[in-house]
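This report concerns only the one structure given below.
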Amino acid sequence: MITHEIGQWCAYPDFKQVSKYLGVLKPYNYELFREGLREKNMLDQAWDFHIASGKFQVIQKKEEFESYFRTPGFGGYHLLQLNDFPGQGTSPVGVVDVFYNPKSYVDAGEFHRIQQPQTPLLRIKKLTWTNNETLEADIEFINFGKEEIRNGIISWTFKSGDKLYAQGSFNPVTIPLGELTKTGRINIPLDGIDRATAFNLTVSLDGTPIYNCWKVWVYPEKLPEIKYQNVFVTDKFDTKAKQLLEKGKTIFLLADTASINSDVPPGFSGISWNAVWSGTPPNLLGILCNPDHKAFEHFPTEFHSNWQWFDLVRNSKPMVLDHTSYFLRPLVQMIPDWNNNRKIGLIVEAKVGNGKLLMTSIALKKQMDDSPVARQMYYSLLKYITGEHFNPAESMSYDELEEIFIKK
1158 MITHEIGQWC AYPDFKQVSK YLGVLKPYNY ELFREGLREK NMLDQAWDFH
1208 IASGKFQVIQ KKEEFESYFR TPGFGGYHLL QLNDFPGQGT SPVGVVDVFY
1258 NPKSYVDAGE FHRIQQPQTP LLRIKKLTWT NNETLEADIE FINFGKEEIR
1308 NGIISWTFKS GDKLYAQGSF NPVTIPLGEL TKTGRINIPL DGIDRATAFN
1358 LTVSLDGTPI YNCWKVWVYP EKLPEIKYQN VFVTDKFDTK AKQLLEKGKT
1408 IFLLADTASI NSDVPPGFSG ISWNAVWSGT PPNLLGILCN PDHKAFEHFP
1458 TEFHSNWQWF DLVRNSKPMV LDHTSYFLRP LVQMIPDWNN NRKIGLIVEA
1508 KVGNGKLLMT SIALKKQMDD SPVARQMYYS LLKYITGEHF NPAESMSYDE
1558 LEEIFIKK
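So for the sequence shown, the working numbering puts the first residue at 1158; every next one is plus one.
This is how it looks when you write it as structure tokens:
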């Protein structure tokens, strides 16, 4: 079996391409998208949208490639195309632009590595673990090279940054041509990890430049209790919450997703081909955040979507914040469809009245028992709001806040 037109994951358009059109064709589509973003007062975020969604695009393409490679009997795939496609509603699916110039978020070496014909593969139950578990995974190898690999030694490392947590290698193995071969099994007890940590699991073929790498996240099964007296935690913005804000109090609002006034459906994956052509979700391009913000001090993340965000984004109700101040930007923002630029957020902070507010429309409470990622996010946000660093710079009026919710 050979697949057809795969890898159709989009990145937000790069408006710097507009100046490259020097012939008879004019990029009126990109100019319209750019002006739409300007009208929503987010033009200064265009490059961040492009890079963050592009990083996420590569992550999705990598997983799609590997899903085919992991399929026994698989014969190959047809990548839709390497470059962006300007027609059919505009489909920025490429890792190079329409002029075949490389995009800034991925280079040729990285893109080659995630689809090289001889590569290690990871067969694993999940990518988010807790420290009372043992990570188990099978390492396989696909060989679409020119000849079989004889007496190949597969080695692996499990590292956080430069800190090595575990490593190992398997017995020499012969990897036949054109076949998927199981090379060994990894077992890593995680009880030595006492805080939320992102790891790189890297697998390589000794004596060659061939390797592959995956992100894995490990969270504490039990988190320290946070005692707080001056923060009011609630799931609804009601008269009591408003009164507390009037008195200068601090509120942590875990909004009930059913109460959010939004027509934006939650969805983890990015846009496939384009939202105009399909007419159906997904119609967002992942998250954008500042990983150095104190709100994420206990939640390891990059500035873009990765697999640990799956539970959080899927179990949310994205907030439409177009009516708020230009200066108010969500702590976690969803990158919009370029055809419908909107300010969309999952976590926001603001001064409201005389008080301070931290609000999320991620269904954290609903997931507490089942998702270590949700527990960790809740812990990190609660540590932030009860600590010395919580002091929102921007304001939101009561009317602006109430507009986020369905009117009763």
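Virtual Cβ for every residue (Gly too), placed ideally from N, Cα, C.
Margin query: Quick check on T1338: does DSSP put it in helix, strand or coil?
Written below: The sequence position of residue 1338 within the sequence shown is 181, counting from 1. Looking at T1338 - three-state DSSP - the assignment turns out to be strand.
Next item on the list: Determine the burial state of N1288: buried for a count of at least 16 other Cβ atoms within 10 Å of its Cβ, exposed for fewer.
Entry: For this step, residue 1288 is matched to residue 131 along the sequence shown. Buried.
Next item on the list: Quickly, what does DSSP pair L1292 with across the bridge? List them, please.
Entry: Position 135 of the sequence shown, counting from 1, holds the residue named residue 1292. L1292 is bridged to I1345.
Check: F1453: which of T1414, K1508, Q1533 and M1476 sits nearest, CA to CA?
Finding: For this step, residue 1453 is matched to residue 296 along the sequence shown. Cα-wise, what sits closest to F1453 is Q1533.
Next item on the list: Along the alpha helix (DSSP H) that carries T1396, what are the first and last residues, could you check?
Entry: Stepping through the sequence shown from its first residue, residue 1396 is reached at position 239. Its alpha helix (DSSP H) spans residues T1396 to E1403.
Checklist line | L1566 in three-state terms, based on DSSP | finding: What the structure shows of the chain is the stretch from 1158 to 1565, and residue 1566 is not part of that stretch, so it cannot be assessed.
Item checked: Inter-residue Cα distance where the pair is T1247 and S1435 -> Residue numbering aside, residue 1247 sits at position 90 when the sequence shown is read from its first letter. Residue numbering aside, residue 1435 sits at position 278 when the sequence shown is read from its first letter. Their backbone Cα atoms lie some 12 angstroms apart in a straight line.
Margin query: Assess contact between the region 1269-1289 and the region 1363-1379, defined as three or more Cβ pairs (one per stretch) separated by less than 8 angstroms. Is contact present?
Written below: yes
Item checked: Residue range of the beta strand (DSSP E) that includes K1316 -> Here residue 1316 corresponds to residue number 159 of the sequence shown, with the count starting at 1. Residues I1311 to S1317.
Check: Between D1264 and D1254, is the Cβ-Cβ spacing less than 7 angstroms?
Finding: On the sequence shown, position 107 is the one that residue 1264 refers to. On the sequence shown, position 97 is the one that residue 1254 refers to. Contact: no.
Check: Closest to H1461 by CA distance: which of L1410, D1449 and L1337 is it?
Finding: For the purposes of this step, residue 1461 is taken as the residue at position 304 of the sequence shown. The option with the nearest alpha carbon to H1461 is D1449.
Note to self: What does the alpha-carbon distance come out to for the pair M1199 and Y1322?
What the structure shows: Your numbering for residue 1199 matches position 42 in the sequence shown. Your numbering for residue 1322 matches position 165 in the sequence shown. Between M1199 and Y1322, the alpha-carbon positions lie close to 42 angstroms from each other.
Margin query: Are the CB atoms of I1296 and P1274 within a distance shorter than 7 angstroms?
Written below: Against the sequence shown, residue 1274 aligns to sequence position 117. Against the sequence shown, residue 1296 aligns to sequence position 139. Taking 7 angstroms as the Cβ cut-off, P1274 and I1296 do not qualify as a contacting pair.
Item checked: Q1465 classed as buried or exposed, judged by whether at least 16 other C-beta atoms fall within 10 angstroms -> Along the sequence shown, one-based indexing puts residue 1465 at 308. Under this definition Q1465 is a buried residue.
Next item on the list: Assign N1463 to one of three DSSP states: helix, strand, or coil.
Entry: Position 306 of the sequence shown, counted from the start, is the residue given in the question as residue 1463. Coil, per DSSP.
Note to self: Give me, in chain order, the residues of the same chain whose beta-carbon lies closer than 7 angstroms to that of A1520; leave out the 5 immediate sequence neighbours on both sides.
What the structure shows: If you number the sequence shown from 1, residue 1520 lands on position 363. The residues are T1414, N1472 and S1473.
Margin query: Measuring only the C-alpha atoms, how far is L1347 from N1328?
Written below: Reading the sequence shown from its first residue, position 190 is the one you call residue 1347. Reading the sequence shown from its first residue, position 171 is the one you call residue 1328. C-alpha separation (whole angstroms): 24 angstroms.
Notebook entry, point to check: If you drop the 5 nearest sequence neighbours on each side, which residues of the same chain put their C-beta closer than 7 angstroms to that of D1205?
Noted result: Numbered from its first residue, the sequence shown carries residue 1205 at position 48. Closer than 7 angstroms at the Cβ level, and outside the excluded window around D1205, lie L1445.
Checklist line | Identity of the residues DSSP links to Y1376 by a beta bridge | finding: Counting from 1 along the sequence shown, the entry for residue 1376 is found at position 219. Its beta-bridge partners are T1287.
Notebook entry, point to check: V1530 lies in the alpha helix (DSSP H); which residues open and close that run?
Noted result: The residue given as residue 1530 occupies position 373 in the sequence shown. Per DSSP, V1530 belongs to the alpha helix (DSSP H) from P1529 to I1542.
Check: What's the C-alpha gap between M1516 and F1425?
Finding: Taking the first residue of the sequence shown as 1, we reach residue 1516 at position 359. Taking the first residue of the sequence shown as 1, we reach residue 1425 at position 268. Distance between the alpha carbons of M1516 and F1425: 20 angstroms.
Checklist line | Contacts around E1267, its chain only, beta-carbon distance under 8 angstroms, and the 5 residues preceding and following it disregarded | finding: Position 110 of the sequence shown, counted from the first residue, corresponds to residue 1267. Correct list, in chain order: V1215.
Next item on the list: Would you mind giving the Cβ-Cβ distance between F1213 and G1427, rounded to the nearest angstrom? I have them listed as a contact below 8 angstroms.
Entry: Position 56 of the sequence shown, counting from 1, holds the residue named residue 1213. Position 270 of the sequence shown, counting from 1, holds the residue named residue 1427. For a cut-off of 8 angstroms, the C-beta gap from F1213 to G1427 is around 6 angstroms, short enough to register as a contact.
Notebook entry, point to check: What three-state label does DSSP hand R1280 in the structure shown?
Noted result: Locating residue 1280 in the sequence shown gives position 123, where the first residue counts as 1. Residue state for R1280 is assigned as strand, using DSSP reduced to three classes.
Notebook entry, point to check: Can you give the Cα-Cα distance for L1488 and K1219, rounded to whole angstroms?
Noted result: One-based indexing of the sequence shown puts residue 1488 at position 331. One-based indexing of the sequence shown puts residue 1219 at position 62. Taking the straight line joining both Cα atoms gives about 27 angstroms.
Note to self: Measuring straight from C-alpha to C-alpha, what distance separates F1222 and E1162?
What the structure shows: Here residue 1222 refers to the residue found at position 65 when the sequence shown is read from its first residue. Here residue 1162 refers to the residue found at position 5 when the sequence shown is read from its first residue. For F1222 and E1162, the distance between alpha carbons rounds to 12 angstroms.
Item checked: Cutoff 6 angstroms; reference Q1324; Cβ partners in own chain excluding five residues on either side -> Locating residue 1324 in the sequence shown gives position 167, counting from the first residue. Within the same chain, Cβ atoms closer than 6 angstroms to the Cβ of Q1324 are found at T1314, the five residues on either side in sequence being excluded.
Check: Rounded to the nearest angstrom, how far is the Cβ of M1476 from that of I1563, given a contact under 8 angstroms?
Finding: As a working mapping, residue 1476 is identified with position 319 in the sequence shown. As a working mapping, residue 1563 is identified with position 406 in the sequence shown. With 8 angstroms as the limit, M1476 and I1563 do not qualify as a contact, their Cβ atoms being about 12 angstroms apart.
Check: Between Y1262 and G1211, which are expected to be in contact by the criterion C-beta below 8 angstroms, what is the C-beta distance as a whole number of angstroms?
Finding: Residue mapping note: residue 1262 aligns to position 105 of the sequence shown, counting from 1. Residue mapping note: residue 1211 aligns to position 54 of the sequence shown, counting from 1. That pair is a contact at about 3 angstroms.
Checklist line | N- and C-terminal bounds of the beta strand (DSSP E) containing G1416 | finding: To locate residue 1416, count along the sequence shown from 1; it is residue 259. Note that residue 1416 corresponds to Ser in the displayed sequence, not to Gly. Where S1416 is concerned, there is no enclosing beta strand (DSSP E), given that its DSSP letter is neither H nor E.
Margin query: So for G1233, helix, strand or coil by DSSP?
Written below: Taking the first residue of the sequence shown as position 1, residue 1233 is located at position 76. In this structure, G1233 counts as strand in the three-state DSSP scheme.
Check: Does at least one heavy atom of the ligand NAP sit under 6 angstroms from the Cβ of A1398?
Finding: In the structure shown, the ligand NAP is absent, as is every other ligand, since no ligand is present at all.
Margin query: Under DSSP, the beta strand (DSSP E) around Y1322 begins and ends at which residues?
Written below: Here residue 1322 refers to the residue found at position 165 when the sequence shown is read from its first residue. Y1322 -> beta strand (DSSP E) spans K1320 to S1326.
Next item on the list: Between the Cα of E1560 and those of H1480, N1497 and G1512, spot the shortest distance and give me the residue it belongs to.
Entry: Residue 1560 sits at position 403 when you count from the first residue of the sequence shown. Looking at the Cα atoms, H1480 is the closest of the given residues.
Checklist line | Three-state secondary structure (DSSP) of R1486 | finding: Locating residue 1486 in the sequence shown gives position 329, counting from the first residue. Note: R1486 maps to coil in three-state DSSP.
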